[in-house]
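Take a look at the structure set out below.
In the working numbering, the protein residues as written are 47 to 332.
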């Protein structure tokens, strides 16, 4: 249902079934435009894409559609984050066969691409001329299997600042449910960031942040808009001090991999969960 918008903006869509092909062809013909597109072949991901036994029918129909131009052929790898998994090689071979069928049907795709971040650094695919890196653009690993293969530096930081500092006595409960109870006279800093911003609630009582280059534990439950951190062992913390949730500070670093390990997910989700209400600032000096 987005064909009109695609044509309005001169976008190049990825089509993955005959229904999508027919809708776009009809919209392009109505406007007397020629719309380039990439054809997605499902080689084993099982998500979206034309299956091998469907490909002849799709190519036959495309031959008669003068307002569409097959510009590229694409697929997606399912297990490339495990460099030793044999299924990646099987998928690549299926993709090669699919591209060959496209060419034998009379098409000359300008672009051929299947590599994600993991395949980019583990597979040599000379027949492909585009790659689609994702996680490595953030300086994060596709998986732990790449720990000794890649030396990447995280390029995204997630930061806030201390709003208030208070001293609490032993036995004081902190945040919802009093899951943190001070065992000593403690210095607690309130930081205006919470799960509505993308600081996952599962980091309650186990997350750490950087303040003045040192690690400070999250004290108690992560709130919607706030976290409380224990800065008792960091001298001089004051309102306005920068708090690094993800990223580097004075030689220390908190990575998306660390977050992911604590909350049982993957770095991809950590990055994606930083919400829209967090301002984005692009810098070139780090």
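Where is the CB? At the ideal position from N, CA and C, for every residue including glycine.
Distance CB(residue i)-CB(residue j) smaller than 9 Å
{"i": "residue 119", "j": "residue 207", "result": "no"}
{"i": "residue 58", "j": "residue 82", "result": "yes"}
{"i": "residue 114", "j": "residue 74", "result": "yes"}
{"i": "residue 258", "j": "residue 296", "result": "yes"}
{"i": "residue 169", "j": "residue 87", "result": "no"}
{"i": "residue 91", "j": "residue 111", "result": "no"}
{"i": "residue 300", "j": "residue 307", "result": "no"}
{"i": "residue 65", "j": "residue 49", "result": "no"}
{"i": "residue 213", "j": "residue 231", "result": "yes"}
{"i": "residue 234", "j": "residue 260", "result": "no"}
{"i": "residue 145", "j": "residue 105", "result": "no"}
{"i": "residue 116", "j": "residue 153", "result": "yes"}
{"i": "residue 85", "j": "residue 52", "result": "no"}
{"i": "residue 268", "j": "residue 247", "result": "yes"}
For residue i, the residue or residues it bridges with in DSSP
{"i": "residue 255", "result": "262"}
{"i": "residue 226", "result": "220"}
{"i": "residue 175", "result": "Answer by DSSP bridge pairing: none, since residue 175 is not bridged."}
{"i": "residue 232", "result": "214"}
{"i": "residue 289", "result": "206 and 257"}
{"i": "residue 237", "result": "273"}
{"i": "residue 11", "result": "Coverage of the chain is limited to positions 47 through 332, which leaves residue 11 absent and any answer about it impossible."}
Own chain partners of residue i with C-beta closer than 6 Å, once the 5 adjacent residues on each side are dropped
{"i": "residue 219", "result": "227"}
{"i": "residue 312", "result": "306"}
{"i": "residue 202", "result": "184"}
{"i": "residue 266", "result": "220, 221, 225, 226 and 274"}
Cβ-based neighbour list, residue i, same chain, cut-off 8 Å, excluding 5 preceding and 5 following
{"i": "residue 180", "result": "162, 163 and 314"}
{"i": "residue 129", "result": "164, 168, 191, 192 and 195"}
{"i": "residue 284", "result": "208 and 211"}
{"i": "residue 200", "result": "184, 185, 186, 292, 293, 294, 299, 301 and 302"}
Contacts around residue i, its chain only, beta-carbon distance under 7 Å, and the 5 residues preceding and following it disregarded
{"i": "residue 193", "result": "187"}
{"i": "residue 273", "result": "237, 239, 240, 245 and 264"}
{"i": "residue 216", "result": "228, 229, 230 and 231"}
| task | Would you list, in sequence order, the uninterrupted beta strand (DSSP E) runs of no fewer than 3 residues that lie entirely inside the region 127–166? | result | 157–159
| Those runs of the alpha helix (DSSP H) which lie wholly inside the region 55–122 and span at least 4 residues | 64–77 and 101–109
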